[in-house]
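Enquirer:
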Amino acid sequence: MSDDKSKELPRSEAKAPQDPGRREVLKGLATGAAAAGTAGLAAGTAEAHPGSGPLGADLKNPYGGRPAGGISLPEYFRPTKYMTGSNANYFPLSEELGPDEMRISFCGSTPFPPREDQAGTCIMVELGNGKRFFFDFGTGCVRNIIGMQVPGQLINDIFISHLHVDHYADVPYIFPFRAWSGGYTPLRIHGPSGRTPELGTKAMVDGMKQMLRWHLEAFDVFPIGDGYEIEVNEFDFRKEGGVVYDQDGVTVRSWPRSHAKDGAVGYRLDWNGLSFVWTGDGRPDELSREYGKGVDVFVTEMSGQDIGQLMTYKYGIPQQLFNYTIDTHHTSHYAVGKLFADARPRLGMVTHFTQDDDIDAEMLAGIRAHYDGLFEWGIDVAVVNVTKEAIWYRKAVLPGKSGSVPPFRELAKAAEAGRITLPEEVTLPNPRLTRADQQDQKYRDMEIDPKEYYPEDVFRAPNGDWPENFTIKVADVIGPREK
Ligand SMILES: [Zn+2]
Ligand SMILES: [Zn+2]
Numbered sequence: 005m006s007d008d009k010s011k012e013l014p015r016s017e018a019k020a021p022q023d024p025g026r027r028e029v030l031k032g033l034a035t036g037a038a039a040a041g042t043a044g045l046a047a048g049t050a051e052a053h054p055g056s057g058p059l060g061a062d063l064k065n066p067y068g069g070r071p072a073g074g075i076s077l078p079e080y081f082r083p084t085k086y087m088t089g090s091n092a093n094y095f096p097l098s099e100e101l102g103p104d105e106m107r108i109s110f111c112g113s114t115p116f117p118p119r120e121d122q123a124g125t126c127i128m129v130e131l132g133n134g135k136r137f138f139f140d141f142g143t144g145c146v147r148n149i150i151g152m153q154v155p156g157q158l159i160n161d162i163f164i165s166h167l168h169v170d171h172y173a174d175v176p177y178i179f180p181f182r183a184w185s186g187g188y189t190p191l192r193i194h195g196p197s198g199r200t201p202e203l204g205t206k207a208m209v210d211g212m213k214q215m216l217r218w219h220l221e222a223f224d225v226f227p228i229g230d231g232y233e234i235e236v237n238e239f240d241f242r243k244e245g246g247v248v249y250d251q252d253g254v255t256v257r258s259w260p261r262s263h264a265k266d267g268a269v270g271y272r273l274d275w276n277g278l279s280f281v282w283t284g285d286g287r288p289d290e291l292s293r294e295y296g297k298g299v300d301v302f303v304t305e306m307s308g309q310d311i312g313q314l315m316t317y318k319y320g321i322p323q324q325l326f327n328y329t330i331d332t333h334h335t336s337h338y339a340v341g342k343l344f345a346d347a348r349p350r351l352g353m354v355t356h357f358t359q360d361d362d363i364d365a366e367m368l369a370g371i372r373a374h375y376d377g378l379f380e381w382g383i384d385v386a387v388v389n390v391t392k393e394a395i396w397y398r399k400a401v402l403p404g405k406s407g408s409v410p411p412f413r414e415l416a417k418a419a420e421a422g423r424i425t426l427p428e429e430v431t432l433p434n435p436r437l438t439r440a441d442q443q444d445q446k447y448r449d450m451e452i453d454p455k456e457y458y459p460e461d462v463f464r465a466p467n468g469d470w471p472e473n474f475t476i477k478v479a480d481v482i483g484p485r486e487k
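Heads up: the sequence shown begins at 5 in our numbering, then just goes up one per residue.
#1: Any chance the CB of THR125 is under 7 Å from a heavy atom of ligand 1?
#2: Output the distance between the C-alpha atoms of ARG107 and SER262, rounded to the nearest integer angstrom.
#3: Following a CB-centred definition, is ASP289 positioned closer than 7 Å to any heavy atom of ligand 3?
#4: Is ASP285 near ligand 2, with its Cβ less than 7 Å from a heavy atom?
#5: Take the Cβ of MET1 as the centre, count every other Cβ of all protein chains shown within 10 Å, and call the residue buried at 16 or more, exposed below.
#6: Using C-beta distances below 6 Å, list every residue in its chain close to ARG476, excluding the 5 sequence neighbours before and after it, in chain order.
#7: So for LYS399, helix, strand or coil by DSSP?
#8: DSSP has GLN122 in a bridge; who is on the other side?
#9: At a cut-off of 7 Å, would you count HIS219 as near ligand 1, judging by its Cβ distance to the nearest heavy atom?
#10: Do the CB positions of ALA183 and TYR232 come within less than 8 Å of each other?
#11: Look up ARG192 in the DSSP assignment and say whether it is helix, strand or coil.
#12: Pick from LYS265, LYS213, PRO403 and ALA394: whose alpha carbon is nearest that of LYS85?
#13: Check for me: the beta strand (DSSP E) holding PHE138 runs from which residue to which?
#14: Taking the alpha helix (DSSP H) that ALA479 belongs to, which residues open and close that run?
#15: Are there 16 or more other CB atoms within 10 angstroms of the CB of ASN473, so buried, or fewer, so exposed?
#16: Heavy atom of ligand 2 less than 7 Å from the Cβ of HIS374, yes or no?
#17: Between the C-alpha atoms of LEU30 and ASP364, what's the straight-line distance to the nearest angstrom?
#18: Helix, strand or coil for ILE234 per DSSP?
#19: Just how far apart, CA to CA, sit ALA479 and ARG147?
#20: Take every Cβ of the stretch 268-281, pair it with every Cβ of the stretch 312-330, and state whether three or more of those distances are shorter than 8 Å.
#21: Can you list, in chain order, the residues of its chain whose CB lies under 6 Å from that of GLY144, leaving out five sequence neighbours each side?
#22: Could you spell out where the alpha helix (DSSP H) holding THR332 opens and where it closes?
#23: Below 8 Å, how does it come out for the stretch 149-164 and the stretch 401-417: are there three or more Cβ pairs, yes or no?
#24: Looking only at its own chain, which residues have a Cβ that is under 7 Å from the Cβ of THR438, when we skip the five neighbours before and after it?
#25: Do you know whose CA, among PHE241, PHE280 and PRO66, lies nearest PHE138's CA?
#26: Note down the Cα distance separating THR88 from LEU101, rounded to an integer number of angstroms.
#27: Is DSSP giving PRO180 helix, strand or coil here?
#28: Label ILE452 either buried or exposed according to how many other C-beta atoms from any shown protein chain fall within 10 Å of its C-beta, with 16 as the threshold for buried.
#29: Mind checking which residues open and close the beta strand (DSSP E) that includes GLY497?
#30: Ordered along the chain, which non-local residues of its own chain (more than five positions away) have a Cβ less than 6 Å from that of LEU131?
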């Protein structure tokens, strides 16, 4: 990085320069390890690793040493002033986000295969102004989002980086259930165009609605309102740093990525002097490096683990297929390190990879060959709090067996902050269809007489008709229930 370039990046300037000695030592270590590993495998021997010898005498802490400090993390890596709960773990609902704070939660982190501990890629970004965004929405992420105590009804503003299904698989899942559970407002989906209209986000949404047609009609016996409306913000994937979202002081920019097919983008969110980058999938490229410069949190994918033979042993995926996938679509661990080293974020993170303890040390060695700044793994369910003064990383502790949290608490808070006005009463939308509209009477006649299973003293005749213009008093569902 040249001198005048670093002038554009106040945060990088403030930082101690990288110590070339340490970088060289790390690079040497990584190269040595990689070379030794390759040689060992090629020869098929069980010989001991020859090692790389003692560390160089010029090894120094890249953040600036403190005598007898024994600390190898930057000063700003500390809990933010708003953390009133545990600094060790994040317990959802146990602390309020500060007005100038950003919280980034990894609600999924793998492309394939999904595992008990890794859902499909999804990054939730919450801001101190009450806004919440989702960057990608992969397989199984809804379970973690609900676990993070986010009301399903309030899930909105999903930014899709590209239309590989590992990045939006849970959209068709949340869409009808959000509406059923009281999300009567339109769902907002943001995503890139494709080369042709039928390859863009809007066409995907149209196709999804067709795929869900049976389900959507079936749920039309419930109050749905505008919950089936999807507002698609499809933007030109070719935009280079163009603003694709600009509301309430939040801007989101996008740029095209090289991902084997036109229509993949990276995103950068800026708000109140804080910034976040999600590269989406793609080969390491110059625009990601450019728009990632000096950001607070730079998250890149790292599906290219570059250890194809281990993928063969573990997952039965031929090495050639794995390597070809990396070379045409993805970012290897060495490339991650290069991107971070050039962009100099306050925190560099990787996600969208299969987390394996035995491989991750090698991955980190590759990243460290180039980058000596703050680094954390973007795996389920990592939570990062960011202010101008501090960045902190925790794992969330999710209740295993709770249901979805009701939206009332969050709505009451938004009303208190003057962001919304709560009405005294809410009349639920009337269902658009009845069972009779879409079900033959003979199938209802087949139902077992309830008198056969309800005890006489608790008998309640099933009511198959939704009351028209059913109204609830908001005070009955918000706030203390005792009168
Ligand atoms: Zn992917
Ligand atoms: Zn992809």
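A virtual CB, placed ideally from N, CA and C, is assigned to each residue, including glycine.
Expert: According to the structure data:
#1: Yes, ligand 1 has a heavy atom inside 7 Å of this Cβ.
#2: Taking the straight line joining both Cα atoms gives about 28 Å.
#3: This structure does not include ligand 3; its bound ligands are ligand 1 and ligand 2.
#4: Yes - ligand 2 has a heavy atom lying nearer than 7 Å to the Cβ of ASP285.
#5: What the structure shows of the chain is the stretch from 5 to 487, and residue 1 is not part of that stretch, so it cannot be assessed.
#6: The sequence shown places Ile at residue 476, rather than the Arg named in the question. So the list reads VAL430, once near-sequence residues are dropped.
#7: Strand, per DSSP.
#8: DSSP output for GLN122 lists ARG119 as bridge partner(s).
#9: No, ligand 1 has no heavy atom inside 7 Å of this Cβ.
#10: Yes. Within cutoff.
#11: In the structure shown, ARG192 falls within a strand segment according to DSSP collapsed to helix, strand and coil.
#12: Ranked by how close their Cα comes to the Cα of LYS85, the residues LYS265, LYS213, PRO403 and ALA394 have ALA394 in first place.
#13: Run containing PHE138: 136-139, per the beta strand (DSSP E) assignment.
#14: Element bounds for ALA479: 478-481.
#15: So ASN473 ends up on the exposed side.
#16: No, since every heavy atom of ligand 2 falls outside the 7 Å radius drawn around the Cβ of HIS374.
#17: The predicted position of LEU30 is uncertain, since its pLDDT is 47 and thus under 50; no value can be drawn from it.
#18: Note: ILE234 maps to strand in three-state DSSP.
#19: One C-alpha to the other measures close to 29 Å.
#20: In the pairwise beta carbon analysis, the stretch 268-281 is classified as not touching the stretch 312-330: fewer than three pairs are separated by under 8 Å.
#21: So the list reads PRO118, ALA123 and GLY124, once near-sequence residues are dropped.
#22: Going by DSSP, THR332 is part of the alpha helix (DSSP H) stretching over 323-333.
#23: By the criterion of at least three beta-carbon pairs nearer than 8 Å, the stretch 149-164 is in contact with the stretch 401-417.
#24: Answer for THR438: VAL225, listed in chain order.
#25: Cα-wise, what sits closest to PHE138 is PHE280.
#26: Going from the Cα of THR88 to the Cα of LEU101 covers about 10 Å.
#27: The three-state reading of DSSP puts PRO180 in helix, counting H, G and I together.
#28: Of the residues assessed, ILE452 falls on the exposed side of the cut-off, its CB having fewer than 16 other CB atoms within 10 angstroms.
#29: For residue 497 there is no data in the structure shown, the boundaries of the chain being 5 and 487.
#30: Only MET106 and TRP275 meet the Cβ criterion.
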